[in-house]
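Encoded as structure tokens, the structure appears first; notes follow it.
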Amino acid sequence: MKITFRSEDISELNYVRDYEEGFAVSEKSQIRELLNEWDYKGFKNRTHRIYCPGMIFSMMEGESENDLVQILESDFPYLQMHFELSTVGCLYHPKAKFEIDTVVYGGSHCLLFYPSLKGKLNYLKKPWSQSVEIELSLDFLRKLFAGDLEVLGEFGEKIEKNLPAIMGNKSFPITPAMKHILVEVRDCPYSPPLKKLFVEAKVQELLALQINQIMTTEKSGTGLKNADIEKLNYVRDLLLNNMHNPYSIEELSKIAGINRTKLQEGFKKLFGTTIFGYITDMRLEEARQRILDISQEASIAEIATLSGYKNPQHFTAAFKRKFHLLPKDLKG
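Here it is in structure tokens:
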């Protein structure tokens with residue numbers, strides 16, 4: 128099993144990724160980790176891969192001064208959970224005209240399947256940013272659903288018919304809960320074989336969140352126009368880039384060109400939380416990272432202040448509600 132990557136412009140970026148049959152792991156601990164880095168002509172990439180039976184969890188970060196197009200070709204069915212955390216995005220265009228394109232912009236995720244990869248993958252020019260790819264074997268997915276993929280609706284039916292499919296036919300916004308799980312895997316403190324159990328559990332939890340979000344959206348629909356969705360995504364980006372000096376609702380409404388009511392109601396429909404709730408979640412996640420960062424000597428009170436809390440007790444209460452533990456327990 129392999130995927131061939133070929134660049135028409137930079138032959139030095141050509142390579143082949145080999146896979147064990149069924150994504151098997153030969154190590155006794157049933158987990159393997161690999162780190163890979165490359166830096167060539169304005170393209171920098173660092174990848175940390177975690178191999179467990181039936182899955183490969185790849186955390187990638189890097190930057191590129193120009194767009195990069197790679198031609199992909201695999202000799203096996205390809206199933207992936209894809210998360211563009213902070214990149215501009217990536218696009219996969221299959222060679223076969225009947226196959227659906229995969230388009231995942233920054234802050235979005237998708238669940239995709241192709242009988243085999245054969246097409247062009249476009250990485251857009253980007254500053255230093257992060258993404259995650261979780262490759263799954265079909266046997267791994269079938270085992271989770273007791274062999275009945277039809278519970279996944281059209282997506283599962285197409286897999287069984289060996290047809291290309293993207294669940295929900297588009298990408299969806301990454302929720303704070305999803306981002307939290309991705310960070311948990313990145314910062315996993317365990318060693319094998321406990322790490323294997325942890326990663327497998329988190330991948331299943333993440334997959335459940337993906338599927339639930341997509342199926343719930345399909346059933347209810349957001350009722351939002353594409354133009355409004357674009358404006359709401361722009362508002363989310365503004366919030367992320369100005370967490371510690373946030374705009375007022377009135378300012379966001381004016382900048383995005385959407386009235387206050389539609390802004391507040393539409394944001395909750397699209398992202399599953401209020402604007403205030405989104406800012407709070409992002410600040411608490413940032414605080415969590417500060418606490419985990421052993422290079423920082425800031426106290427809990429100082430981190431609370433940096434996170435916008437004047438009262439450390441209010442910060443502690445909010446932190447416990449979100450992460451189910453006290454900040455001091457995480458630091459200790």
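Quick note on my numbering: the sequence shown kicks off at 128 and runs consecutively.
All residues carry an ideal CB built from backbone N, CA and C; glycine is no exception.
Those runs of the beta strand (DSSP E) which lie wholly inside the stretch 180-265 and span at least 3 residues: 182-191, 195-201, 205-211, 216-221, 229-232, 235-241, 245-250, 253-263
Cβ neighbour criterion (16 or more within 10 Å) applied to Gln337: buried
Alpha carbon of Lys437 to alpha carbon of Ile261, nearest angstrom: 39 Å
Residue from Lys222, Leu263, Ile341, Ser256 whose Cα sits closest to the Cα of Leu279: Ile341
From Ile382, Thr407, Phe446, Glu226, residue whose alpha carbon lies closest to that of Leu367: Thr407
For Val310, the first and last residue of its enclosing alpha helix (DSSP H): 303-313
Paired residues, beta bridge with Arg417 - DSSP: According to DSSP, which records beta bridges pairwise, Arg417 is partnered with nothing at all.
Cβ contact check for the stretch 149-163 and the stretch 199-218: 3 or more pairs under 8 Å: no
DSSP three-state assignment for Pro373, whether helix, strand or coil: coil
Member of Ile137, Ala292, Met294, Trp165 whose CA lies at the smallest distance from the CA of Asp194: Ile137
Beta carbon of Leu453 nearer than 8 Å to that of Leu419: no
Distance, Lys129 Cα to Leu199 Cα: 10 Å
For Lys389 and Val259, the rounded distance between their alpha carbons: 32 Å
Local Cβ density within 10 Å of Ile382, reported as buried at 16 or more and exposed below that: exposed
DSSP state of Val143 mapped onto helix, strand, coil: strand
Boundaries (first-last residue) of the alpha helix (DSSP H) holding Tyr361: 353-368
Start and end residues, beta strand (DSSP E) containing Ile385: Segment: none, Ile385 is in no beta strand (DSSP E) and carries neither H nor E.
Given 8 Å, three or more beta-carbon pairs between the stretch 291-301 and the stretch 229-240: yes
Burial state of Gln403, where buried means 16 or more other Cβ atoms lie within 10 Å: Here residue 403 turns out to be Phe, not Gln, going by the sequence shown. Exposed.
Check whether Leu411 and Ser426 have beta carbons under 8 Å apart: no
Where the alpha helix (DSSP H) through Glu470 begins and ends: Here the chain comprises residues numbered 128 to 459, so residue 470 is not present and cannot be evaluated.
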